Each structure stands twice: as C-alpha cells, then as structure tokens.
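Working notes, structure below.
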Amino acid sequence: MQLNRIVRFHKAVGDKTRLRIIALLKNSPLHGQAIAGKLGLTPPTISHHLTKLKEIDIVYQRRDKNTIYFHLNEDKLNRLASAIMKLGDDEMNNELEVSDEEKYKILNNFKDSEGKLRSIPAQLKKRLIILEHMVEGLEPGKVYPEKEINEYIKQFHDDFATIRREMIMHHFMSRENGNYELNPRELWLI
C-alpha cells in the first residue's frame with residue numbers, strides 16, 4: 270500500500286472522461302446532470318466516473334437543497350499530481366521547516382517525563398512536529414489494523430481517535446478498509 274495511493278491516483282485520472290470532468294469542475298462546482306449534459310454522456314456514466322474521482326479524494330460533494338454539487342479538491346489534486354516528482358526529494362515542504370533545536374524544545378514543552386503528550390498543540394507547526402515524532406516509530410510499508418494503531422498512539426496520548434484523524438488529515442498515514450500505513454515522507458504536510 271506504500272505507493273499505491275500515487276498509483277491509484279494516476280490510474281483514476283488516466284481516463285479521458287475523468288480528465289474532462291476535472292476540467293469542468295476546475296471552473297465551478299456542478300451537479301451530475303449538468304456534467305452529463307456538457308459532456309454528452311448519460312448520468313449513470315458520469316456517476317461512475319465521479320465515484321472513481323471521489324475514491325481518490327479529488328472530488329467531493331455538497332448538497333444544496335435537493336441538488337448535489339460536485340467540487341474539485343484542487344489542493345489534493347495538486348499534491349497527488351506532484352507527488353511523483355517529489356519521490357526521493359529531501360528538500361520538500363520547506364515552508365514549515367524548523368531546526369532540530371526548535372523541534373527538541375517543542376517536543377519537551379508538550380511531553381511529560383514518561384514521553385506522553387500533556388496536550389495536543391493548537392498551532393499547526395507544533396502539531397506537525399509532534400505528529401512527525403509519533404510516526405517515527407512506525408515501519409514504512411507495514412499495514413497496521415486500526416486496533417494496533419490505536420494501541421501505538423495510546424503510548425503518546427489517550428485520545429487516539431483525534432491523533433489518528435490528525436495523522437490522516439496531515440497525510441502522515443493513509444487509511445484503507447480500517448487499515449493504516451505510513452505514507453512516504455514526500456506526502457507529509459511538514
């Protein structure tokens with residue numbers, strides 16, 4: 270599952286209809302009937318392609334009264350599209366870069382003598398440093414069942430659900446069918 274996320278992305282967008290849908294949604298959110306009309310395809314065909322794009326999280330839906338509008342997740346699209354170019358690149362995401370000394374201070378401020386977190390940092394930069402520290406003990410390429418990842422997180426903080434969600438949100442880990450895996454560093458938001 271290590272690089273499967275990048276592979277699934279390229280497989281999903283490697284279809285002319287899906288690329289056309291992405292191009293339409295880049296301009297503005299649309300409902301399924303509008304997309305079908307603009308592309309001259311049937312609504313079930315559009316629904317199939319939208320499902321594939323939602324599976325890789327580059328399209329999401331929002332309801333407005335009785336109509337469901339589809340939106341393009343441009344941030345996710347850009348990250349996944351450029352991830353292949355970042356494989357092996359050690360100088361990525363420098364905007365949140367901090368020195369080892371600063372990381373050490375942040376870790377010491379938030380951890381007690383037993384290594385547990387006193388609290389989850391509110392500031393993003395500090396929270397990312399804490400999450401990065403937590404995932405250092407995970408094996409790349411190993412798939413962790415949810416129960417196992419919960420037990421791992423409990424050694425740092427009792428609120429494993431929040432930490433787990435943060436790890437997913439900030440792309441330290443990916444989740445698939447209740448299983449978790451450490452993402453390649455180039456996908457991390459740090």
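Residue numbers (my numbering): 270 to 459.
Just so you know, even glycine gets a beta-carbon here, dropped at the ideal spot from N, CA and C.
Computed from a predicted model, the values in this text were never measured in an experiment.
TODO: Check whether the segment 282-290 touches the segment 308-319, counting contact only when three or more Cβ pairs, one atom from each stretch, lie closer than 8 angstroms.
DONE: By the C-beta criterion, the segment 282-290 is judged to be in contact with the segment 308-319, since at least 3 inter-stretch pairs fall below 8 angstroms.
Task: Where Ser-443 falls: helix, strand or coil (DSSP) - done: Indexing the sequence shown from 1 puts residue 443 at position 174. If DSSP states are grouped into helix, strand and coil, Ser-443 belongs with the strands.
Open item on the list: Going by beta-carbon coordinates alone, are Val-412 and Asn-448 separated by less than 8 angstroms?
Closed with: Mapped onto the sequence shown, residue 412 falls at position 143. Mapped onto the sequence shown, residue 448 falls at position 179. The beta carbons of Val-412 and Asn-448 sit closer together than 8 angstroms.
- [ ] Let me know if Ala-352 comes out buried or exposed under the rule of 16 or more other beta-carbons within 10 Å of its beta-carbon.
- [x] Within the sequence shown, the letter at position 83 stands for residue 352. It counts as buried.
Open item on the list: When you compare the segment 368-377 with the segment 329-345, are there three or more beta-carbon pairs, one atom per stretch, that lie closer than 8 angstroms?
Closed with: Cβ pair count under 8 angstroms is below three, so no.
Open item on the list: My parser needs the beta strand (DSSP E) runs of 3 or more residues fully inside the segment 304-374; what are they?
Closed with: Fully enclosed beta strand (DSSP E) runs of 3 or longer: 328-333 and 336-341.
Open item on the list: If distances are taken between C-alpha atoms only, which option among Leu-386, Asn-452, Thr-320 and Ile-290 comes closest to Thr-431?
Closed with: Along the sequence shown, read from residue 1 onward, the residue named residue 431 stands at position 162. When only C-alpha atoms are compared, the closest one is Leu-386.
Task: For Asn-419, the three-state DSSP class (helix, strand or coil) - done: Your numbering for residue 419 matches position 150 in the sequence shown. Looking at Asn-419 - three-state DSSP - the assignment turns out to be helix.
TODO: Look up His-426 in the DSSP assignment and say whether it is helix, strand or coil.
DONE: The sequence position of residue 426 within the sequence shown is 157, counting from 1. Three-state result, His-426: coil.
Open item on the list: Quick check on Asn-452: buried or exposed, where buried means 16 or more other Cβ atoms within 10 Å of its Cβ?
Closed with: Mapped onto the sequence shown, residue 452 falls at position 183. That one is buried.
Open item on the list: Looking at Ile-291: is its Cβ nearer than 8 angstroms to the Cβ of Leu-349?
Closed with: As a working note, residue 291 is residue 22 in the sequence shown. As a working note, residue 349 is residue 80 in the sequence shown. In this structure, Ile-291 sits away from Leu-349, with a CB-CB distance that is not shorter than 8 angstroms.
Task: Alpha carbon of Glu-420 to alpha carbon of Lys-295, nearest angstrom - done: As a first step, residue 420 is located in the sequence shown; it is residue number 151 there, counting from the start. As a first step, residue 295 is located in the sequence shown; it is residue number 26 there, counting from the start. Rounded to the nearest angstrom, the two C-alpha atoms are 41 angstroms apart.
Task: Same chain, Cβ closer than 8 angstroms to Lys-467, neighbours up to 5 away in sequence not counted - done: Here the chain covers residues 270 to 459 and nothing more, so residue 467 does not appear.
Open item on the list: Check for me: the beta strand (DSSP E) holding Asn-448 runs from which residue to which?
Closed with: For the purposes of this step, residue 448 is taken as residue 179 along the sequence shown, with counting starting at 1. Here the beta strand (DSSP E) through Asn-448 covers 448-451.
TODO: Enumerate in chain order the residues of its own chain whose CB-to-CB distance from Ser-382 is below 7 angstroms, with the five nearest sequence positions on each side excluded.
DONE: Translated into positions along the sequence shown, residue 382 becomes position 113. Once the five neighbours on either side are set aside, Ser-382 has no close Cβ partner at all.
Task: Ile-337 vs Gly-301 beta-carbon contact at 8 angstroms - done: By 1-based counting over the sequence shown, the position of residue 337 is 68. By 1-based counting over the sequence shown, the position of residue 301 is 32. Cβ atoms of Ile-337 and Gly-301: closer than 8 angstroms.
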